[in-house]
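S.K.: My questions will all concern the structure given below.
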Amino acid sequence: MGKLSPQAAFELVLVVILACANVVSEVLGSGKALVVAAGVVLWGSYLAWRTRREPGLWRQLLWPSQPETQGLRSLAAFTGVGALLSVLVGMLRGTWPPPASFWLILALYPVWGTVQQFLLNAVLARHLRALLPAGWAHLVAALGFAVAHAPDWPVVAATFPAALFWVWVYPRVSHLPLLGTAHALLGTCFFYLVLGRDVAQVF
Numbered sequence: 001m002g003k004l005s006p007q008a009a010f011e012l013v014l015v016v017i018l019a020c021a022n023v024v025s026e027v028l029g030s031g032k033a034l035v036v037a038a039g040v041v042l043w044g045s046y047l048a049w050r051t052r053r054e055p056g057l058w059r060q061l062l063w064p065s066q067p068e069t070q071g072l073r074s075l076a077a078f079t080g081v082g083a084l085l086s087v088l089v090g091m092l093r094g095t096w097p098p099p100a101s102f103w104l105i106l107a108l109y110p111v112w113g114t115v116q117q118f119l120l121n122a123v124l125a126r127h128l129r130a131l132l133p134a135g136w137a138h139l140v141a142a143l144g145f146a147v148a149h150a151p152d153w154p155v156v157a158a159t160f161p162a163a164l165f166w167v168w169v170y171p172r173v174s175h176l177p178l179l180g181t182a183h184a185l186l187g188t189c190f191f192y193l194v195l196g197r198d199v200a201q202v203f
């Protein structure tokens, strides 16, 4: 096991604060707009400060290396199967075809999906690997990412295996926008077709 740098420890603290705030917003039923806004301000300010000190930071964070072909195939297969299963469930439940807001959320969600993948992979899993063996680091990161959606237990249950896959495939893809887009497709399909929820009303 290694030791965290002060910067890494600070980033983990920010992630924990944001996760706790998300859980509190779920418990209170107050919506996510305030949590998202606070997260944007906190992380935006921090990354702006780092950008001034570290030229090329954004490329290092978003796509540090070229994706492997096998990693891309794994990501496409996992995402495609998940989306197809969601459509089949939607047909059985009567949530397919989805409302018009489905397509709006699908178009906007990749930005938020990329942010979540940044927090999961570029911060949480990466720093935990400095403290734990890789397998345990991935398990703890996926569990923490899932529990951050509590007490929405159906979302927690779906997020955990998805997050396990994402932290496994990330070293093979290393492209946060691609992972964020896959995250967005699965998330939109799950909320609308499996759970029958209109995400546009959450905010």
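Every letter in the sequence shown is one number past the one before it in UniProt numbering, and letter 81, counting from 1, is 81. A virtual CB, placed ideally from N, CA and C, is assigned to each residue, including glycine.
By the DSSP assignment, the alpha helix (DSSP H) with N121 in it spans what residues?
M.R.: Counting along the chain, N121 falls outside any alpha helix (DSSP H), and DSSP gives it neither H nor E.
S.K.: What separation, rounded to the nearest whole angstrom, lies between the Cα atoms of W168 and A38?
M.R.: For W168 and A38, the distance between alpha carbons rounds to 29 angstroms.
S.K.: What residue range is occupied by the uninterrupted alpha helix (DSSP H) comprising L4?
M.R.: No alpha helix (DSSP H) contains L4, which DSSP labels as neither H nor E.
S.K.: What is the rounded straight-line gap between the Cα of N121 and the Cα of P171?
M.R.: Distance between the alpha carbons of N121 and P171: 9 angstroms.
S.K.: Excluding sequence positions up to five away, which residues of its chain have a Cβ less than 7 angstroms from the Cβ of P154?
M.R.: For P154, where only same-chain residues beyond five positions count, the Cβ hits under 7 angstroms are L195.
S.K.: For A184 and P110, which I take to be in contact (beta-carbon distance under 8 angstroms), what is that distance rounded to the nearest angstrom?
M.R.: Contact holds; Cβ gap of about 4 angstroms.
S.K.: Excluding the 5 residues preceding and the 5 following L179 in the sequence, name in chain order all residues of the same chain whose CB lies nearer than 8 angstroms to its CB.
M.R.: Excluding positions up to five away in sequence, the list reads L75, G113, T114, Q117, N121, W166, V169, Y170 and V173.
S.K.: Please confirm whether V23 and L193 have their CB atoms less than 8 angstroms apart.
M.R.: No, the pair does not count as a contact, with Cβ atoms beyond the cut-off.
S.K.: On the three-state DSSP scale, how would you describe A148?
M.R.: Looking at A148 - three-state DSSP - the assignment turns out to be coil, as it is neither helix nor strand.
S.K.: For the alpha helix (DSSP H) that contains S86, what are its first and last residues?
M.R.: It spans T69 to R93 - the alpha helix (DSSP H) in which S86 sits, taken as one unbroken run.
S.K.: When burial is assigned at 16 or more other CB atoms within 10 Å of the CB, is F102 buried or exposed?
M.R.: It counts as buried.
S.K.: Beta-carbon separation of A148 and L128 under 8 angstroms?
M.R.: For A148 and L128, no; Cβs fall outside 8 angstroms.
S.K.: Between A158 and H138, is the Cβ-Cβ spacing less than 8 angstroms?
M.R.: The answer is no: Cβ separation not under 8 angstroms.
S.K.: Please look up how many angstroms separate the CB atoms of E26 and A150, rounded, as I've assumed it's under 8 angstroms.
M.R.: Right, the Cβ-Cβ distance comes to about 7 angstroms (below 8 angstroms), so this counts as a contact.
S.K.: According to DSSP, is residue 204 helix, strand or coil?
M.R.: Residue 204 cannot be examined here, being either before or after the span of the chain that is shown, 1 to 203.
S.K.: Which of the three DSSP states, helix, strand or coil, is assigned to G196?
M.R.: Reduced to three states, the DSSP call for G196 is coil.
S.K.: In whole angstroms, what is the alpha-carbon distance linking F191 and F10?
M.R.: Each residue's Cα considered, the two are about 32 angstroms apart.
S.K.: Could you tell me whether the Cβ atoms of P177 and L62 are closer together than 8 angstroms?
M.R.: Contact: yes.
S.K.: Locate the alpha helix (DSSP H) running through R129, then write down its first and last residues.
M.R.: First-last for R129: undefined, no H or E at that position.
S.K.: Helix or strand or just coil, what does DSSP make of P64?
M.R.: In this structure, P64 counts as coil in the three-state DSSP scheme.
S.K.: Near W96, which residues of its chain fall below 8 angstroms by C-beta distance, leaving aside the five closest residues on each side in sequence?
M.R.: Cβ within range, chain order: V87, G90 and L193.
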